[in-house]
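In my numbering, the protein residues as written are 15 to 142. See below for the structure under consideration.
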């Protein structure tokens, strides 16, 4: 995807934030394609869904949507959880294959090159 198309897709995602919410995507560019694909899948189920927050937490993607008890959205939460699981093996920086990595108490999901460049150490369980 070109940079212009990526930015246009991210703007569509930012436009989904609840009125009054700060439309911030608190993730690195390596996960942009994950949330673009997720938005495409979710909008096929509910074109009007609204976002509460998009962020990284403990090295994984968190994608929070407005809960609407009156709407039936079969598979909606499953798609979100699947994208969040994919983030746990996708480098936050470049989008390549990644692994959980730590520097002190800070956790991120990074490829070997980005982990080394930023002083992170891949978790032992992820490299076995």
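For every residue, glycine included, the Cβ atom is placed at its ideal position computed from N, Cα and C.
### Query
Is it right to say residue 25 is buried, meaning 16 or more other beta carbons lie within 10 angstroms of its own, or is it exposed?
Numbered from 1 along the chain shown, position 11 holds the residue referred to as residue 25. Residue 25 comes out exposed.
### Query
Since residue 101 is in the beta strand (DSSP E), which residue starts that stretch and which ends it?
Looking up residue 101 in the chain shown gives position 87. Careful: residue 101 lies outside any beta strand (DSSP E), inside the alpha helix (DSSP H) at 90 to 101.
### Message
I need the DSSP call for residue 64, collapsed to helix, strand or coil.
### Response
Position 50 of the chain shown, counting from 1, holds the residue named residue 64. Coil at residue 64, not helix or strand.
### Task
Can you check the region 22 to 90 for any alpha helix (DSSP H) of at least 4 residues that lies completely inside it and give the ranges in chain order?
The region 22 to 90 contains these whole alpha helix (DSSP H) runs: 46 to 59.
#### Entry: Cβ-based burial, residue 114 [other Cβ within 10 Å; buried from 16]
The residue labelled residue 114 in the question sits at position 100 within the chain shown. Buried, because 16 or more other Cβ atoms sit within 10 Å of the Cβ of residue 114.
### Task
Since I believe residue 121 is in contact with residue 72 (beta carbons under 8 angstroms), could you give me their beta-carbon distance rounded to a whole number of angstroms?
Translated into the one-based positions of the chain shown, residue 72 becomes position 58. Translated into the one-based positions of the chain shown, residue 121 becomes position 107. That belief holds up - the Cβ atoms of residue 72 and residue 121 are roughly 5 angstroms apart, short of 8 angstroms.
### Task
Drop a sphere of 10 angstroms on the beta-carbon of residue 130, count the other beta-carbons inside from all chains shown, and report buried for 16 or more, exposed for fewer.
Position 116 of the chain shown, counting from 1, holds the residue named residue 130. Counting Cβ neighbours within 10 Å, residue 130 comes out exposed, since fewer than 16 surround it.
### Task
Figure out for me which residue from 102, 112, 33, 137 has the closest Cα to the Cα of residue 64.
Here residue 64 corresponds to residue number 50 of the chain shown, with the count starting at 1. With distances taken between CA atoms, residue 64 lies nearest to 33 out of 102, 112, 33, 137.
#### Entry: residue 79, buried or exposed, once every other Cβ within 10 Å from all chains shown has been counted against 16
Locating residue 79 in the chain shown gives position 65, where the first residue counts as 1. Buried.
### Message
Here's the rule: buried if 16 or more other CB atoms are within 10 angstroms of the residue's CB, otherwise exposed. What is residue 142?
### Response
Looking up residue 142 in the chain shown gives position 128. Confidence at residue 142 is low in this model, with a pLDDT of 49, below 50, so the placement of that residue should be treated as unreliable; the coordinate-derived value is given next. By the Cβ-count criterion, residue 142 is exposed, with fewer than 16 other Cβ atoms from all chains shown falling within 10 Å of its own Cβ.
### Message
Measuring straight from C-alpha to C-alpha, what distance separates residue 127 and residue 116?
### Response
As a first step, residue 127 is located in the chain shown; it is residue number 113 there, counting from the start. As a first step, residue 116 is located in the chain shown; it is residue number 102 there, counting from the start. The C-alpha of residue 116 is placed about 14 angstroms away from the C-alpha of residue 127.
### Alpha carbon of residue 118 to alpha carbon of residue 23, nearest angstrom
Taking the first residue of the chain shown as position 1, residue 118 is located at position 104. Taking the first residue of the chain shown as position 1, residue 23 is located at position 9. Rounded to whole angstroms, residue 118 to residue 23 spans 35 angstroms at the Cα level.
### Task
Would you mind sorting residue 133 into buried or exposed? The rule is 16 or more other CB atoms within 10 Å of its CB.
In the chain shown, counting from the first residue as 1, residue 133 sits at position 119. When all chains shown are included, residue 133 counts as exposed.
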